[in-house]
Amino acid sequence: VAKQRKQHTTYVARWARMTTWCLAEQLGCSHTTVETHLADLGKTWKYGVWIRHELSPHQLQHRVDACMELMMSHRNYQWLGAGQTDVATPKDNHHPKKIMLSVW
Numbered sequence: 075v076a077k078q079r080k081q082h083t084t085y086v087a088r089w090a091r092m093t094t095w096c097l098a099e100q101l102g103c104s105h106t107t108v109e110t111h112l113a114d115l116g117k118t119w120k121y122g123v124w125i126r127h128e129l130s131p132h133q134l135q136h137r138v139d140a141c142m143e144l145m146m147s148h149r150n151y152q153w154l155g156a157g158q159t160d161v162a163t164p165k166d167n168h169h170p171k172k173i174m175l176s177v178w
């Protein structure tokens, strides 16, 4: 048992981010045994670290296209010549008045 605990200690020191299931698979014992030995060593499970991933050129272009579409969706620019003024376009009323219809 002491030899097994020493093996667990060295393995955990080398691979600190493995789950107990992965450690048990690598060491050839049950995960509850690994959990017990880790608890005896005073080890606790903490959340891991975020690892950045690299985006492919296609993913980068898709992200740029989506951002540009969102930025341009509310713009209402008009192509105007020199000295021309823009044509006013009224907005729709988002809250129209309600009409009660009664039929006799």
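Numbering (my numbering), first residue to last: 75 to 178.
Note that CB positions come from ideal geometry on N, CA and C, so glycine has one too.
Remember, predicted model here, so these are calculated numbers, not experimental data.
- For residue 86, the uninterrupted alpha helix (DSSP H) segment begins and ends at 76-88.
- Secondary structure of residue 177 (DSSP, three-state): coil.
- Counting other Cβ atoms within 10 Å of its Cβ, residue 82 reaches 16 or more and is therefore classed as buried.
- Of the candidates 105, 111, 87 and 103, 111 places its Cα closest to the Cα of residue 76.
- The beta carbons of residue 109 and residue 94 sit closer together than 7 Å.
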